[in-house]
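Notes for the one structure printed next.
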């Protein structure tokens, strides 16, 4: 059983703010690693989405990223062998193992992704409605999106 995550303190690779106007702001904060997702972030991301889902004062969530070069470059493969990796790579059904997106945590409130840089791989789960996640993404013209999956449809 996992331990509770304290969202009021420092969060690994993320900033989370609940504003009094009902807006929750989630910021990917690993610009030195392309704002990539690390195994240790999954429990924090899950706790944030649960908080957004369960707090009636939160009306909308905005996901953005630190820096201008990358929104999210997907999973950080350099950390695939780290101490927290078994929490992500654990040979369980997808619904029990993956908790990155609002859809996977059953968040039905509006989610807006302010895509401010390159968005690839797992980063698309945050920002691409074709992945079944449903957020509305607003991207700068210089913010390309690309899915490295050879079976996936690519946006022109």
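In my numbering, the protein residues as written are 17 to 172.
We put the CB at the ideal spot given by N, CA and C, even for glycine.
* Asked: How is the alpha helix (DSSP H) around residue 69 delimited, first residue to last?
  -> Position 53 of the chain shown holds residue 69. 58-70 is the span of the alpha helix (DSSP H), which, as asked, contains residue 69.
* Asked: For residue 89, which residues from the same chain have a beta carbon less than 7 Å from its beta carbon, with the 5 sequence-adjacent residues on both sides left out?
  -> Residue numbering aside, residue 89 sits at position 73 when the chain shown is read from its first letter. Here the set comprises 50, 51, 52, 134, 136, 137, 139.
* Element boundaries [beta strand (DSSP E), containing residue 87] -> Translated into the one-based positions of the chain shown, residue 87 becomes position 71. Run containing residue 87: 86-88, per the beta strand (DSSP E) assignment.
* **Contact check, residue 121 vs residue 78, beta carbons under 8 Å** => In the chain shown, counting from the first residue as 1, residue 121 sits at position 105. In the chain shown, counting from the first residue as 1, residue 78 sits at position 62. Taking 8 Å as the Cβ cut-off, residue 121 and residue 78 do not qualify as a contacting pair.
* Asked: With a CB to CB cut of under 8 Å and the five nearest residues on each side skipped, what residues in its chain are close to residue 30?
  -> Along the chain shown, read from residue 1 onward, the residue named residue 30 stands at position 14. Counting only Cβ-Cβ distances below 8 Å, and skipping sequence neighbours, we find 42, 43, 44, 45, 57, 60, 61, 64.
* Since residue 33 is in the beta strand (DSSP E), which residue starts that stretch and which ends it? -> Translated into positions along the chain shown, residue 33 becomes position 17. Start and end: 30-34.
* Asked: Any idea which residues DSSP pairs residue 42 with across the strands?
  -> Numbered from 1 along the chain shown, position 26 holds the residue referred to as residue 42. Paired residue(s): 32, 79.
* Asked: Just the Cα atoms here: how many angstroms apart are residue 84 and residue 72?
  -> The residue given as residue 84 occupies position 68 in the chain shown. The residue given as residue 72 occupies position 56 in the chain shown. Using only the alpha carbons, I get a separation of about 32 Å.
* Asked: What residue range is occupied by the uninterrupted beta strand (DSSP E) comprising residue 128?
  -> Within the chain shown, residue 128 is the residue found at index 112, counting from 1. First-last of the beta strand (DSSP E) with residue 128: 127-131.
* On the premise that residue 23 lies in contact with residue 67, defined as a C-beta separation below 8 Å, what is that separation, rounded to the nearest angstrom? -> Here residue 67 is taken as the residue at index 51 of the chain shown, counted from 1. Here residue 23 is taken as the residue at index 7 of the chain shown, counted from 1. Contact holds; Cβ gap of about 6 Å.
* **Pick from 34, 21, 129 that is closest to residue 82, judged by C-alpha positions** => For the purposes of this step, residue 82 is taken as residue 66 along the chain shown, with counting starting at 1. The candidate whose alpha carbon is nearest that of residue 82 is 129.
* To do: Throw me the rounded Cβ distance for the residue 76 and residue 126 pair, which I believe falls under 8 Å.
  => If you number the chain shown from 1, residue 76 lands on position 60. If you number the chain shown from 1, residue 126 lands on position 110. About 5 Å separates the two Cβ atoms, so the contact holds.
* Since I believe residue 132 is in contact with residue 91 (beta carbons under 8 Å), could you give me their beta-carbon distance rounded to a whole number of angstroms? => Sequence index remark: in the chain shown, residue 91 carries index 75 (1-based). Sequence index remark: in the chain shown, residue 132 carries index 116 (1-based). Between residue 132 and residue 91 the Cβ distance is about 20 Å, and since that is not below 8 Å, they are no contact.
* **Residues of its chain near residue 35, where Cβ-Cβ distance is below 8 Å and the 5 sequence neighbours each way are ignored** => To locate residue 35, count along the chain shown from 1; it is residue 19. Answer for residue 35: 41, listed in chain order.
* Would you say residue 97 and residue 54 are within 8 Å of each other, going by their C-beta atoms? -> The sequence position of residue 97 within the chain shown is 81, counting from 1. The sequence position of residue 54 within the chain shown is 38, counting from 1. Not closer than 8 Å, so no.
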